[in-house]
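K.L.:
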Amino acid sequence: MANGSAAVFFGGNPLCVYQPADPTTLNISIVQYVNSSNGRVTLIRQPILDLQDAAWSFYGWLAVVDWLDGGREVVSITGDAGSIPLMSKAYAPLTFKVPTEGIPTEAAALLRAMYYYFDLHLVGVFMLMGVASHRAGVPEVLIISNVFSV
Numbered sequence: 001m002a003n004g005s006a007a008v009f010f011g012g013n014p015l016c017v018y019q020p021a022d023p024t025t026l027n028i029s030i031v032q033y034v035n036s037s038n039g040r041v042t043l044i045r046q047p048i049l050d051l052q053d054a055a056w057s058f059y060g061w062l063a064v065v066d067w068l069d070g071g072r073e074v075v076s077i078t079g080d081a082g083s084i085p086l087m088s089k090a091y092a093p094l095t096f097k098v099p100t101e102g103i104p105t106e107a108a109a110l111l112r113a114m115y116y117y118f119d120l121h122l123v124g125v126f127m128l129m130g131v132a133s134h135r136a137g138v139p140e141v142l143i144i145s146n147v148f149s150v
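Each residue of the sequence shown is one higher than the one before, starting from 1 at the first, in the UniProt record's numbering.
As structure tokens, then:
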């Protein structure tokens with residue numbers, strides 16, 4: 001890689017390069033709308049990993065851990081004046097129970113039934129071809145492709 005930076009190749013594929021990012025350079029922020037005393041609404045932006053503010057940086061690293069754990073999302077809003085990477089609030093995971101009434105308990109039994117259905121129809125077609133070729137005296141009808149060889 002250029003400039004002596006280290007990179008990890010996934011699966012030995014040089015086209016798939018993973019460059020680990022330094023979270024402090026991502027400039028991820030949390031924003032909040034604030035009503036001031038004069039009635040103006042302003043947007044306050046707080047970087048989550050502010051290295052000058054050690055107390056806030058602790059909570060910022062906790063937010064990064066939540067992000068890595070899947071409890072938060074980070075999006076980058078890009079406009080004419082630049083881009084702002086923002087972190088969402090923490091969300092509880094959305095779980096749901098899958099209804100078991102419509103799902104067969106034994107998938108193998110369903111696959112076996114489909115296999116028998118296909119095979120019985122294929123054998124039936126071959127038998128009809130054999131009877132028809134025997135009656136007509138045309139042996140070339142029994143020539144079958146290698147894909148469907150018996």
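Yeah, the Cβ is synthetic: ideal placement off N, Cα and C, and Gly gets one too.
Because the structure is a prediction, the values reported are computed rather than measured.
Could you pull out every residue in the same chain whose Cβ sits closer than 8 Å to the Cβ of S29, ignoring the five residues on either side in sequence?
P.N.:
Result list for S29: R45, Q46, P47, I48, I84, P85, L86 and M87, in chain order.
K.L.:
Quick one: measure Cβ to Cβ for Y33 and L26, integer angstroms, because I've assumed they're closer than 8 Å.
P.N.:
Rounded, the Cβ-Cβ distance is 23 Å, inconsistent with contact.
K.L.:
When you compare the CB positions of D69 and G60, do they come within less than 8 Å of one another, or not?
P.N.:
For D69 and G60, no; Cβs fall outside 8 Å.
K.L.:
When the Cα atoms are used, what is the spatial distance from S149 to L110?
P.N.:
Confidence at S149 is low in this model, with a pLDDT of 49, below 50, so the placement of that residue should be treated as unreliable; the coordinate-derived value is given next. S149 and L110: Cα-Cα distance of roughly 25 Å.
K.L.:
Ordered along the chain, which non-local residues of its own chain (more than five positions away) have a Cβ less than 6 Å from that of W56?
P.N.:
Correct list, in chain order: D50.
K.L.:
How many whole angstroms separate the CB atoms of G71 and A90, which I take to be in contact at a CB cut-off of 8 Å?
P.N.:
That pair is a contact at about 5 Å.
K.L.:
The beta strand (DSSP E) spanning S29 covers which residue range?
P.N.:
Looking at the DSSP string, the run of the beta strand (DSSP E) that includes S29 is S29 to N35.
K.L.:
Helix or strand or just coil, what does DSSP make of V75?
P.N.:
In this structure, V75 counts as strand in the three-state DSSP scheme.
K.L.:
Give the C-beta separation of V75 and W67 to the nearest angstrom, bearing in mind that I take them to be a contact with Cβ-Cβ under 8 Å.
P.N.:
That belief does not hold up - the Cβ atoms of V75 and W67 are roughly 11 Å apart, past 8 Å.
K.L.:
Under three-state DSSP, which class holds V49?
P.N.:
According to the sequence displayed, residue 49 carries Leu and not Val. Looking at L49 - three-state DSSP - the assignment turns out to be coil, as it is neither helix nor strand.
K.L.:
Mapping DSSP to helix, strand and coil, what is V64?
P.N.:
Of the three classes helix, strand and coil, the one that applies to V64 here is helix, per DSSP.
K.L.:
Please report the straight-line C-alpha distance between G130 and A108, rounded to a whole angstrom.
P.N.:
Distance between the alpha carbons of G130 and A108 is about 33 Å.
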